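S.K.: Could you have a look at this structure, given as structure tokens, before my questions?
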Amino acid sequence: MNSFFLSTALICFGGLVTFLVWRQFVLMKAAAVSIISIGCTIGLVDAVVKLLNPGSYTASFEYLSLFSLSFQIDGLSAFFLVAIYAVSMLATIYSFHYMNNAEKALRSAANYFFFSLLIVSMALVVTATNMISFMLSWEIMSLSSFFLVIYDYESAENRKAGYLYFVFSHVGAMFILAAFGILYGYTGSFSFSSGSAIPDSAKLMVLILSFVGFGSKAGVFPFHVWLPHAHPAAPSHISAVMSGVMIKTGIYGIVRLYASLNLHTPLFGEIVLVAGMISGILGVVYALGQHDLKRLLAYHSVENIGIILIGIGLGMLGVSFGNPIMAVLGFSGGLLHVLNHSIFKSLLFMGAGMVIQKTGTRTIDMLGGLLKNMKITGITFLVGSLAISGLPPFNGFVSEFIIYLGGFKGVALDKTAFVLSILAIVSLAIIGGLALACFTKVVGVVFQGEPRSASAVAVDEKEPAMLVPMLVLAGICIIIGVFPRMFIAMSLMAVPVSGLGYGRIPMEPFIQMTANISLAATLFFIILLVLIALRTVLYRGKTIGTAGTWGCGFTQPTPKMQYSGTSYAASILEFFRPAAPLQEDHPAIHGRFPQKTHYLSHVDDIAELHMMRVVVNPFLWLFDRLRWIQHGDIHLYIGYILLAIVVLLFFV
Amino acid sequence: MNIPVDLTLSLVLLSVLFSFGSSRLPGLIKVIAFQGVVVSIVPLIIGHDMTAGGILFTLATLMIRGIVIPFCIYFAIKKVAIRREVEPIVGYHASVLAGLGLIVAAMVVSHRFNAPSISASVLLLPTAIALLVAGMFLLMARRNAIAMVLGYIMMENGIYLVGTTFSVRALHIVEFGILLDVLAGVMIMAVILQNIKQTFDDVDTALLRTLKE
Amino acid sequence: MIQSILLWVLAMLLAPFFSAVILKVKAFFGGKKGPPLLINYYTLAKLFKKGSVYSTSTTFIFKLGPMISLGAAVTVLLFLPFAGQPPVFSFRGDLLFILYLLGLGRFFTIAAAMDTASPFEGMGAAREAYFPIICEATLFMILILFYVLTGELSLAAYFSGTQPFGMWQMAGSPMLFVVIAFFIILLAENSRVPVDDPATHLELTMIHEVMVLDHSGPDLGFIELGSFCKLFFYASIVARLIIPFESGYMALDLCLFAASLLIVYMAVGVMESVMARYRMDRVPKFLLTSFALAFFATVITLEFLK
Amino acid sequence: MVEFVFLSPFVTGVIAFFIPRHLGRPLLVFTGALHLVLSVLVWLRQPEPLFKSYFAVTPEGMLSLLVISLLFFLISIYTIGYLKVSDIKSEHIFTGSMLLFLSTMTMVTLSDHIMVMWIAIEATTLASAPLIYTHRTSVSLEATWKYVLICSVGIAMALLGSVLITISMDVGNVDAPVSFSALTAVATRLDPMWLKAGFAFILVGYGTKMGLAPMHTWLPDAHSEAPSPASALLSGVLLNCAYLGIFKTNKIMLAAGLGDFSGLILMGFGLISILAASTFILKQTEYKRLLAYSSIENMGIIAFGTGVGGLGAYGAMLCLIHHSLIKSSLFLTSGNILLGYGSRLIEKTGSLANRMPRTFVAFFGGFTAISGLPPFGIFIGELFVILGAFKAGHYISVTVLVVSLCAIFAGFANQAMRISFNMSEVTIGLTEKANLVWPQYVLLLTSLVLCFWIPDTLYQTIMSAVTSVEGGF
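Chains as they are written, first to last, in this note's numbering: chain A, 17 to 668; chain B, 466 to 678; chain C, 4 to 309; chain D, -10 to 462.
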């Protein structure tokens, strides 16, 4: 554990040191970035080592001379640590050139401080083994990320985002606390490990409560409301970390509690599976409807959390139906997707950050043609898009492939399970198709075609600190996609602790599978190379002309005439209208000489809508009525005292 | 059965009714003063074996309750020339009826408690309760701040009755405490009253309703 | 192995020929003589001879698109067993790989279209992104059925040897639904009437053709070849489903296979001749019917098996 | 020589009434320091009191005493800076009453005799009344009137309750001094019915002072009208003193085996208070009232935890200590905000973060701390209270607790973010001098440190206090 705590200490120090030197902006950035990334590297190496030679490493500190804060690194923790440290390190490096506002030096220092705090608390969350240490690190994680979200508090919507996030994370924490409370009430001990002895009904209660709590952090529909607000508000490297790894701590919590309780009734697995499907499909549908680049990516986090939950839910079903292969496939697929998503989602957010910094706008329909001047950003973003659409030969495909296999195993089970498995498979397919549609929209509208506004014309990319992390991440996407063997092995290392109830997992079938994927990918690449060679041969000595795009007879095309992202998604949204009500504002054109008109549209999030209407407003109304009791009349105040006495005397 | 005690206690109960009925501050003050005197007599005649010091202490209490406090309040009124009505929220007749009902209720309630053996009179507990609740009634049913103060004093009388007659323990300290309470409390209230008078040029507590949600 | 590779090459060579059959059928219904059966080869040759003109709006993606779509189609053919012979490659779950590889091809076709900044091509791209979603759902439904029937997840397991016949025996009539559903998907995925009309001249109504408006020369040739191969892929699956028999003799099987392929292509041709293209907003309903069929078939069969 | 601890501020307080202001301020700080030293000495040495029947050194009393003198010392430092910039007419009255207030509260923590305890608490009311009326406005007058009258009535109830307990001794024929410690020893022989009645009256009486709903009505008015140092004292320590009375009586109840009765009542009042607080916090318009209601909430949590017992009682004790530290710091900070923006209304404030950065740090830190977020102590306190309640199996009540906690957080966070981040163009009328922010920082830091590490002697004191009400892990 020493190297683990060394890395955390180093990261904390990196965050604190900024307050000493914040007056020299660049020095401050350099110090923070270098120290924090070094800390992350140490932690990363440590985590990989611990992951590859299994066994649990524990450390415990006395707390208030009565309790103990204990931490442990087993396979599962190590797996999440890898993701956390890897993404955090790259995000830190990215921030060196991204945080370029020297007027806000002090605020940037605070930003680095809370950023380091966030990294450390995430690392502690996935290693904590009793309630106190878990809640402590969990709350610190929420708090620090809140401060990161309201970094740009000047704008009202960012404040709203911060507030939403704050409230959601606190309420979620309360749910988790309630779950722990029930657990503690039964076992009388703070550690999770002793949970397996309590009655099944209590287990189910604990799991469901904690699922709400962790789900609200992970962004499971309908508890995701904060997410599409918070991610756009935060600076991009923060969004990368929050969306890439922080929301995964919710997944970790679900898996960890499930593992330590080892509940074997299928109900919870079914709940998780259904929640996964709903968030998967609705997440990507809402993503299609967005005009804000980062909001779109945020909704894709909801979608991918859904995919992860589908995998884990299948795994749980496999456990409860005694189908070990399905269980392993489901869990390892879900966990591998955790890793994959953290990679390509942070990549995409970094790319978005680059775009926003250069063009100064997040509105998709104002952009276009960026690929010409931003080659690296464009290509890496393209890679990320292919990966998140789950296409081979990129990493997204690998995890979805495994989850699919798990789902097909589930088809052989009995009634409810097989229906759910079928639904899972079909919804995975639909999610894949929708994701493809959504990212062709993003790539096509943002990076291709012609600039749709002046802000997208004069752009460049010169900051190495921002480009290198993106290149690295893109590289990893392809590596995992083509040679997934080691990474699948990693996810398999994480699986056994998740309470499957049997010892080592046979590696052979998985190695076979990875070999097949690699083979197919390489085949595709070979054919592609052949074709490229063929093409060059065919074009040798030919005349290559350039001209404007053919306007199908129209001779004066303008960038305004391009297909916009809104219209691109319109027909698909129409298909999902009941789930995603589309609000349009479009005054009709009339008269021989029509006036200037406009078109506004946005998709309502039904979860947000109903949460306000059904939960919040009645609550507020009731409490407003109750405020009468403080009416300022002293006579009745004295009456209250008399009343209290009289009521109490009835108890005597 | 203890004739003089019952007599005095019934006087006390009577004073309660009078206080409910009196519409003028001076009258109310007189009633409260009378009540204070009578209440302070009770410990003397109830037949505890008392030390000379005890008797002296009780007499001092009597002086303060019966004379000092009423007079200082009376002069407070004189000085700041406050309107003389007690400005009832509940009307006088209703109040008197309420008083009667209250006494009856006190009688009934007092049977629920197994009154300790040393209590010399059956009227003791009911009277105490009646005084207590009556004081609160005045506090709740009179808008005039001074009337409220007087209600507070009546409440204290009730507690005094309980404290000095039921329990033989810690007699003096209880008396002392109540004394300090009434004295200091009433003094402070008087000060505040004067300020209220200066600020609002009235002591109608209806004016004191600005602080609320 | 060698044999499989040879078959693979053969398939690529023959794909254009079979597509020409459709034209012939249409010409026949139109009472015309129609183009020669080798017309597609001439077209390809012509295209490969030409140079290209690129729009100033385009980037390297525009050039990459045709190659990747063709590459995907060709790679997919590697996994397809022709005439019951084992395919070049096959592994457990290769179907998932195939379906997603076709998705990759689609991604780049769309990207290439978006690259030109042309409103028409964007329109086509939007449709190309929309309709296949439902097709994929249908395909996976069918896949589930096949999995339940055979317990396997690879094309080879479904279509090599006597397997298709076995599936008919196990499932029985529901297979009919599957065939129809698959045929509908064939029409949609390869942009045939009634989903799309490759012969129309109004860009507003096109899906696939409008996306390749700006491609020219060898690029366009790649695209054409790719679409031939893709059509061949779907067609041969349908062919194996409608005529699942096989005699032990390879030559005979090949002829049988060719015959069934011809039937499929002719069916497509007949379809194109007798039907009109749907209005765009009708297309999803059309595709949903295929999904419904597949779902129905699966449920019924599962009830059988339980 | 325990009595000296409250006699010394009494003397200096009396003196302070008659000396000019330039002497009064240093006297304040001096007394604070002296008091701190004395109480630490008493805590460590545990000397015998002069009047054993009236006074005693108890662990719970020691805890409150330490908190009181630490707070008073820091507050007195702040007060110097505060008095410089704010215009207070009769400053000698203010200083004098502050000191008298201190002495009376110290007396509460040390008193062991029921009546003495009661007298002391009543005395705190009288001593603090002038503090609330410092600003001499009509509203402050109203607040004072309500404070004095309601508290006096409540305290009268407590008096009756104390008398009833003595009666319970007579009925049970118990012959013992009328002191908490003695009664706890012989509790089993007291007459249960009179004891229960006594507890009921004492709870309502001292509960009025402690700010338990529905007797809390005076609290928001008084806290919002009093000058900030006074509000800090009121909220930080006065409430604790009132709680001390309830705590000690509860000890007797537990010893008498009536723990279920008292626990139930405590939990009930706790829940009502938390609910009431949440209703008022959600749509609060004045930040000082907001803080006042938050005090009501925390008192509710403390009462609830005490009622739950076990781990809950431990959590309640932690909450008690940390709430004093944090809430007093928050009230001092609110003083800065009031001086800076010149208005109690939240919508008149805004963009505290870049207009008054140092105050902002204190304010937002205090907010996170008071709403039970780490790394501050209330977090761990609330955690234990909730876990303890689950352990005791009060599922419904803990659900109510958690829901209202969430509501309170939502409301408080909304207001806090408005004050800190909303844009505003007000010109700030205050320069953030060191002694206007450092006391708050010290208080918050103390809470932060105590959240992770408690020195062993202090830990022993806490544990002995907690175990005396059958609490603990």
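Just so you know, even glycine gets a beta-carbon here, dropped at the ideal spot from N, CA and C.
All of these numbers come straight from a predicted model, not from anything done at the bench.
If the criterion is Cβ atoms closer than 8 Å, does the pair alanine 275 of chain A and glycine 229 of chain A meet it?
M.R.: No; because the gap between Cβ atoms is not below 8 Å, this pair is not in contact.
S.K.: Within its chain, find whatever has a CB closer than 6 Å to the CB of leucine 433 of chain D; leave out the 5 residues flanking it on each side and keep chain order.
M.R.: Ser318, Gly354.
S.K.: Quick one: give me the first and last residue of the alpha helix (DSSP H) that serine 301 of chain D is part of.
M.R.: According to the sequence as given, residue 301 of chain D is glycine; it is not serine. From DSSP, the alpha helix (DSSP H) with glycine 301 of chain D extends over 300 to 330.
S.K.: Using the three-state DSSP reduction, which class does aspartate 216 of chain A fall into: helix, strand or coil?
M.R.: Looking at aspartate 216 of chain A - three-state DSSP - the assignment turns out to be helix.
S.K.: Should leucine 362 of chain D and isoleucine 375 of chain D be called a contact, given that it needs their Cβ atoms to be closer than 8 Å?
M.R.: No.
S.K.: Along the chain, where does the beta strand (DSSP E) containing tyrosine 57 of chain C start, and where does it finish?
M.R.: From DSSP, the beta strand (DSSP E) with tyrosine 57 of chain C extends over 55 to 58.
S.K.: Closest by CA to serine 309 of chain A, which one among A:Leu225, A:Met332, A:Ser401?
M.R.: For the record, residue 309 of chain A in the displayed sequence is leucine; it is not serine. Per the Cα distances, A:Ser401.
S.K.: CB-CB under 7 Å to methionine 278 of chain C, same chain, minus the five flanking residues each way: which ones, in chain order?
M.R.: Cβ neighbours of methionine 278 of chain C beyond the five flanking positions: Val196, Pro197.
S.K.: With a threshold of 6 Å on Cβ separation, who are the neighbours of alanine 314 of chain A within its own chain once the five nearest residues in sequence on each side are excluded?
M.R.: So the qualifying residues of the chain are Leu243, Pro244, His247.
S.K.: Leaving out five residues on either side along the sequence, give the residues of the same chain with a beta carbon under 7 Å from the beta carbon of serine 582 of chain B.
M.R.: Interpretation of serine 582 of chain B is limited by its pLDDT of 49, a score under 50 that renders its predicted location unreliable; the figure taken from the coordinates is listed afterwards. There are no such residues.
S.K.: Cβ closer than 8 Å: which chain A residues qualify as neighbours of valine 56 of chain C?
M.R.: Those within 8 Å of valine 56 of chain C in chain A are Ile560, Gly561, Thr562, Ala563.
S.K.: State the start and end residues of the unbroken alpha helix (DSSP H) segment that holds serine 23 of chain A.
M.R.: Note, serine 23 of chain A: alpha helix (DSSP H), 18 to 37.
S.K.: Need the endpoints of the beta strand (DSSP E) that aspartate 601 of chain A sits in, please.
M.R.: First-last of the beta strand (DSSP E) with aspartate 601 of chain A: 598 to 601.
S.K.: Give the list of continuous alpha helix (DSSP H) stretches no shorter than 4 residues that lie fully inside the segment 619 to 651 of chain A.
M.R.: Runs found: 622 to 626, 633 to 642.
S.K.: Enumerate, from N- to C-terminal direction, the unbroken alpha helix (DSSP H) stretches of 4 or more residues contained entirely within the segment 200 to 249 of chain D.
M.R.: Listed in chain order, the complete alpha helix (DSSP H) runs (minimum 4 residues) inside the segment 200 to 249 of chain D are 207 to 214, 217 to 222, 228 to 244.
S.K.: For methionine 283 of chain C, which of C:Ala191, C:Ile8, C:Leu40 has the nearest alpha-carbon?
M.R.: Minimum Cα distance to methionine 283 of chain C is reached at C:Ala191.
S.K.: Pick helix, strand or coil for phenylalanine 541 of chain A, following the three-state DSSP scheme.
M.R.: Phenylalanine 541 of chain A falls in the helix class under three-state DSSP.
S.K.: Looking at C-alpha atoms only, which residue of B:Val647, B:Leu524, B:Leu596 is the closest neighbour of alanine 563 of chain B?
M.R.: Considering only alpha carbons, the answer is B:Leu596.
S.K.: What does glycine 501 of chain B touch in chain D if you count any residue whose Cβ is under 8 Å from its own?
M.R.: Those within 8 Å of glycine 501 of chain B in chain D number zero; the least Cβ separation is about 15 Å.
S.K.: Would serine 117 of chain D and leucine 223 of chain D be called neighbours here (beta carbons separated by less than 8 Å)?
M.R.: Going by C-beta atoms, serine 117 of chain D is nearer than 8 Å to leucine 223 of chain D.
S.K.: Mapping the DSSP letters down to three states, classify leucine 362 of chain D as helix, strand or coil.
M.R.: Leucine 362 of chain D falls in the coil class under three-state DSSP.
S.K.: Aspartate 101 of chain D touches chain B at which residues, Cβ-Cβ below 7 Å?
M.R.: Within 7 Å Cβ-Cβ: nothing; aspartate 101 of chain D doesn't reach chain B, min ~13 Å.
S.K.: Beta-carbon within less than 6 Å of phenylalanine 61 of chain D's beta-carbon, same chain only, minus the 5 sequence neighbours each way: which residues are those?
M.R.: Hits under 6 Å: Gly21, Leu91.
S.K.: For isoleucine 156 of chain D, which residues of its own chain have a beta-carbon under 6 Å away from its beta-carbon, when the five flanking residues on both sides are left out?
M.R.: Taken in chain order, the residues that qualify are Trp183.
S.K.: Assuming serine 93 of chain A and isoleucine 58 of chain A form a contact by the criterion Cβ under 8 Å, report the distance between their Cβ atoms to the nearest whole angstrom.
M.R.: Their Cβ separation, rounded to whole angstroms, is 16 Å, which puts serine 93 of chain A and isoleucine 58 of chain A out of contact at 8 Å.
S.K.: Tell me whether aspartate 696 of chain A sits in a helix, a strand or coil according to DSSP, three-state version.
M.R.: The structure shown has nothing for residue 696 of chain A, since chain A only spans 17 to 668.
S.K.: Closest to alanine 396 of chain D by CA distance: which of D:Gly299, D:Val431, D:Ile263 is it?
M.R.: Looking at the Cα atoms, D:Ile263 is the closest of the given residues.
S.K.: Closest to glycine 225 of chain D by C-alpha separation, out of D:Thr98, D:Ala423, D:His311, D:Lys73, would be which residue?
M.R.: Ranking the options by Cα distance to glycine 225 of chain D, first place goes to D:His311.
S.K.: Specify, as a first and last residue, the run of the alpha helix (DSSP H) that isoleucine 266 of chain C falls within.
M.R.: Element bounds for isoleucine 266 of chain C: 253 to 277.
S.K.: Using beta-carbon positions only, say whether lysine 35 of chain C and aspartate 222 of chain C come within less than 8 Å of one another.
M.R.: Going by C-beta atoms, lysine 35 of chain C is not nearer than 8 Å to aspartate 222 of chain C.
S.K.: By the criterion of Cβ-Cβ separation under 7 Å, what are the contact partners of glutamate 678 of chain B in chain A?
M.R.: Neighbours of glutamate 678 of chain B on chain A, chain order: Arg643, Gln646.
S.K.: Are the CB atoms of arginine 530 of chain B and glycine 492 of chain B nearer to each other than 8 Å?
M.R.: Their beta carbons are not under 8 Å apart, which means arginine 530 of chain B does not touch glycine 492 of chain B by this criterion.
S.K.: Please state whether DSSP places serine 582 of chain B in a helix, a strand or coil.
M.R.: Summary for serine 582 of chain B: the model assigns pLDDT 49, below 50, so the residue's position carries little reliability, and this model does not support an answer.
S.K.: According to DSSP, simplified to helix, strand and coil, what is glutamine 88 of chain A?
M.R.: In the structure shown, glutamine 88 of chain A sits in a strand (DSSP, three-state: E or B).
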